[in-house]
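So the sequence shown is numbered by the working numbering: it starts at -10 and just counts up by one.
Each residue gets a CB set at the ideal place from its N, CA and C atoms; glycine is no exception.
Single-structure report; data block below.
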Amino acid sequence: MLKDKKVNVKVKLAFFWVALMFLYIYNDIFSMYQPGHAADLVAGHLEGMQFTPKLLLGAAALMAIPSIMILLSLILKAKVNRSVNIILAVFHILVLIGTQFVGDTESWHYWRFNELLQVFFLGIIIWTAWKWPTLEPSNV
């Protein structure tokens, strides 16, 4: 009979953040195939937004969070790890909701599908961190 070895919660969380990063990356790659998208990027604007150093810094900071969380999920102590994962996953869900009202609200279906997957993985991160196993008190 096959037996699965239990995967450490920290490893699970790190890989959920990895999966989320891949979704972000592929969504941006797929958008390059939309007519006119690459030309708008080269021109320094997209969906009515002009690229500025502050806008790009904000985007870089936002996208750095999953990268950093891969490492932090593995090295932080359990109590802090749990809180940080929940807070940042909720934050990213709020950002996804907020971006529904910025730029082109008539996104292509692949974009919406990918966003649903992102929310799904963020929900799994929240659930996994919330259900973090605790040590049972000993009967000493």
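Looking only at its chain, what residues have a beta carbon closer than 7 Å to the beta carbon of Ala130, apart from the 5 residues adjacent to it on each side? This structure does not reach residue 130, given that the chain is present from -10 up to 129, and the question cannot be answered.
Exposed or buried, what is Ile18 when buried is set at 16 or more other beta-carbons lying within 10 Å of its beta-carbon? exposed
As assigned by DSSP and simplified to three states, the class of Leu(-9): coil
Mind checking Pro55: buried by the 16 CB within 10 Å criterion, or exposed? buried
Find the nearest neighbour of Ser72 within the set Trp121, Phe40, Leu51, Gly25, judged by alpha-carbon distance. Trp121
Helix or strand or just coil, what does DSSP make of Leu105? helix
Let me know if His81 comes out buried or exposed under the rule of 16 or more other beta-carbons within 10 Å of its beta-carbon. buried
Can you give me the Cβ contacts of Ala3 inside the same chain, cut-off strictly under 7 Å, excluding the 5 residues immediately before and after it? Ile59, Ser62, Leu63
Would Ile75 and Ala118 be called neighbours here (beta carbons separated by less than 7 Å)? yes
Option in Thr41, Thr123, Lys1, Phe102 with minimal Cα separation from Tyr15: Phe102
Can you give me the C-alpha to C-alpha distance between Val91 and Leu83, rounded to a whole angstrom? 13 Å
Do Leu106 and Leu12 have their C-beta atoms closer together than 7 Å? yes
Quick check: the Cα distance between Ala32 and Gly47, rounded to an integer number of angstroms? 19 Å
Opposing strand residues paired with Leu35 [DSSP bridges]: Met38
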